[in-house]
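**Q** For the sequence shown, counting from 1, position 61 maps to 57 in the numbering used here; every step adds exactly one.
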Amino acid sequence: MKVSIKENKLKKGFSYTVFIDYGIVSGHRKREPLQTFTKKTDAEKYKSKIQTDINNNTFISIPNITFSQAIDEWMQNYVQNNCEPNTAAGYELINEKYLKPCLGHIPFKIISSPSGIDIINEYYHYLRFDLDKENRTLKSTGEIKPKKNLSYNSVDHHKAQISGIFTYFMSCKKLSTNICLNTVIPKSEEEKMKDIIIDDLDNFDDEDYEDEEFITPEQAVQVINLFMNTDMMLPVCWAAFVGLRRSEIAGILKSKVDTEKRKVIIDAVRVRCKNKTIFKKRNKNKKSTRALYFPEIMLQVLYLNEKRQLENKIRYGENYIDSKFLCVDDTGIPLRVDYISSKFKSTFDKFYNEEKLRLEKEHKEFNFPYITIHKLRHLNISTLLAYGAYLTDVQNNSGHSCIETTMHYTHNYTEGKKEIADKTDQIYKPLFKIS
-3 MKVSIKENKL
7 KKGFSYTVFI
17 DYGIVSGHRK
27 REPLQTFTKK
37 TDAEKYKSKI
47 QTDINNNTFI
57 SIPNITFSQA
67 IDEWMQNYVQ
77 NNCEPNTAAG
87 YELINEKYLK
97 PCLGHIPFKI
107 ISSPSGIDII
117 NEYYHYLRFD
127 LDKENRTLKS
137 TGEIKPKKNL
147 SYNSVDHHKA
157 QISGIFTYFM
167 SCKKLSTNIC
177 LNTVIPKSEE
187 EKMKDIIIDD
197 LDNFDDEDYE
207 DEEFITPEQA
217 VQVINLFMNT
227 DMMLPVCWAA
237 FVGLRRSEIA
247 GILKSKVDTE
257 KRKVIIDAVR
267 VRCKNKTIFK
277 KRNKNKKSTR
287 ALYFPEIMLQ
297 VLYLNEKRQL
307 ENKIRYGENY
317 IDSKFLCVDD
327 TGIPLRVDYI
337 SSKFKSTFDK
347 FYNEEKLRLE
357 KEHKEFNFPY
367 ITIHKLRHLN
377 ISTLLAYGAY
387 LTDVQNNSGH
397 SCIETTMHYT
407 HNYTEGKKEI
417 ADKTDQIYKP
427 LFKIS
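Right, here's the structure in full:
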């Protein structure tokens, strides 16, 4: 490879473009412009630097493509060969819905350069605070509704994706630095308040700095009772009493549950991939693949569910489907992961709103936390730690890949020697009665 300078005649004066000459490629001579200067001396200095990098084998040529083309190359060469189908589908959704429409037209050389930091930061700001200024049309009804701004965590996924694209091109020696690491996702004033360091403790009003709402076992039992003797009984109880993830619950096979030993093997998941649910015969990570002992209270729920399914078989007759999956609806069809979330939300929302209205009429304070089914898993982890379970036992039980994740659930716990399943019974048996 050789470096050359081309003099460009302008209306007033000249400009100087530094080219790199790759020689004959696929039967044609390939020359690529690198940078244009107004002064010949600057062009010569740059030419000298590039030639030195080539001689030292440290030269990196950033592709002359758009960011949209860079995304496609990353998807084809990295994502398709290294990522699960559902992960790839998630990337594709962000690409088509956000990255390409907003940033796809920008030259890759620009967005990956230091000037790209401001461009990407503006993109974050748009997603967080300006998206609701636009409208969207619902496909089902044609109704026009405003879009919703994205949460900090959602935009963090976008940042990770852009960073992953840059990292891929660095691994291919087509990029020298990952400027995305220097970008910053903006926070709302409320989010900033949570990060404030309190210097003046005497004047600190802790009512202004409340921790995230935390559900108690007593409140959890109220929620669980909403789902008893329904198709959501098993998912809710697996989350609350054993601490399983939604995808793990949906992926439990009947053959993996041993009621005699009170043991369940978690080695597969069911996840959403575009418009369908897929079964993955491996879990999120090595720690997520595990054999768990479940408490007696969960065993009672399983027996109640078995009785319920036998009644459903009689009720629906030939229309009942015998599935290999444990968590099914009344007709035997396996529960989808999105159904578990949406059904929990709709049922809990009804309870939450009715309870709030009832207490307001009685002029009583309403302080029931708003939760999702995943927060029942959080409750399981936090409560076990609070009741003295070993940190490493809870880590293994919950399937966390690193112990730091488990430590986030509580800062105050004592170590004990009782089994995880027995502790769950200790917590819930006095509160929860199955009839």
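Every residue, glycine too, gets a C-beta built ideally from N, C-alpha and C.
Small disclaimer: the values here were computed from a predicted structure and weren't measured.
Among G395, M(-3), I116 and T83, which residue has its Cα nearest to the Cα of S57?
**A** Taking the sequence shown and counting its residues from 1, one reaches residue 57 at position 61. The shortest C-alpha separation from S57 is found at M(-3).
**Q** Cα-Cα, which of D318, T285, Y312 and V217 is closest to F344?
**A** Taking the first residue of the sequence shown as position 1, residue 344 is located at position 348. That would be V217, whose Cα lies nearest to the Cα of F344.
**Q** Report the residue from S431, K7 and K5 whose alpha carbon sits nearest the alpha carbon of N221.
**A** Position 225 of the sequence shown, counting from 1, holds the residue named residue 221. N221 has its Cα closest to that of S431, out of S431, K7 and K5.
**Q** Taking F15 as the reference, which of V253, T379, P142 and N4 has the closest Cα?
**A** For this step, residue 15 is matched to residue 19 along the sequence shown. Residue N4 is the option with its Cα nearest to F15.
**Q** Please name the residue, chosen from T255, C176, N178 and P103, that lies closest to M294 on a Cα-to-Cα basis.
**A** Here residue 294 refers to the residue found at position 298 of the sequence shown. The shortest C-alpha separation from M294 is found at T255.
**Q** Would the beta-carbon of S61 fall within 8 Å of that of N91?
**A** Taking the sequence shown and counting its residues from 1, one reaches residue 61 at position 65. Taking the sequence shown and counting its residues from 1, one reaches residue 91 at position 95. Per the sequence shown, the amino acid found at residue 61 is Ile instead of Ser. No, these two residues do not count as a Cβ contact at 8 Å.
**Q** Express the C-alpha separation of V(-1) and I50 in angstroms, rounding to a whole number.
**A** Here the question's residue 50 lines up with position 54 in the sequence shown. Here the question's residue -1 lines up with position 3 in the sequence shown. In a straight line, the C-alpha of I50 is about 9 Å away from that of V(-1).
**Q** Mind the definition here: the segment 76 to 87 touches the segment 111 to 129 only if three or more C-beta pairs lie below 8 Å; say whether that holds.
**A** The segment 76 to 87, when compared against the segment 111 to 129, does not touch it at the 8 Å Cβ threshold.
**Q** What is the rounded straight-line gap between the Cα of L506 and the Cα of T54?
**A** Absent from the structure is residue 506, since the part of the chain shown begins at -3 and ends at 431.
**Q** In chain order, what residues of the same chain have a beta carbon less than 6 Å from the beta carbon of S319, not counting five sequence neighbours either side?
**A** Translated into the one-based positions of the sequence shown, residue 319 becomes position 323. Only G328 and P330 meet the Cβ criterion.
**Q** Between D421, T13 and R258, which has its C-alpha nearest I46's C-alpha?
**A** In the sequence shown, the residue the question calls residue 46 occupies position 50. Checking every option, the nearest Cα to that of I46 belongs to T13.
**Q** Measuring alpha carbon to alpha carbon, tell me which residue in Y148, C176 and I140 is nearest Q157.
**A** As a working note, residue 157 is residue 161 in the sequence shown. Of the listed residues, the one whose Cα sits closest to Q157 is C176.
**Q** Mapping the DSSP letters down to three states, classify D254 as helix, strand or coil.
**A** Numbered from 1 along the sequence shown, position 258 holds the residue referred to as residue 254. Three-state DSSP puts D254 in a strand.
**Q** So, at 7 Å on beta carbons, what are the nonlocal neighbours of I423 in its own chain, with the 5 sequence-adjacent residues on each side left out?
**A** For the purposes of this step, residue 423 is taken as residue 427 along the sequence shown, with counting starting at 1. P213, T379 and Y383, listed in sequence order.
**Q** Taking the beta strand (DSSP E) that E437 falls in, what are its first and last residues?
**A** This structure cannot speak to residue 437, because the chain is shown only from -3 to 431.
**Q** For L249, name the three-state secondary structure that DSSP assigns.
**A** What you label residue 249 is simply residue 253 of the sequence shown in a count that begins at 1. Residue state, collapsed to three classes: strand.
**Q** Return the Cβ separation of F364 and E351 in integer angstroms, given the expectation that the two are a contact with Cβ distance under 8 Å.
**A** Numbered from its first residue, the sequence shown carries residue 364 at position 368. Numbered from its first residue, the sequence shown carries residue 351 at position 355. So it is a contact: roughly 6 Å between Cβ atoms.
**Q** Leaving out the 5 sequence neighbours to the left and right, which residues in its chain are closer than 6 Å to L461 when beta-carbon positions are compared?
**A** The chain is shown from -3 up to 431; residue 461 falls before or after that span and cannot be answered.
**Q** Does T410 pass the burial test, meaning 16 or more other C-beta atoms within 10 Å, or should it be called exposed?
**A** Translated into the one-based positions of the sequence shown, residue 410 becomes position 414. Here T410 scores only 38 on pLDDT, less than 50, and its place in the model should not be relied on; the value that follows carries that caveat. The residue in question, T410, is exposed, as its Cβ has fewer than 16 Cβ neighbours within 10 Å.
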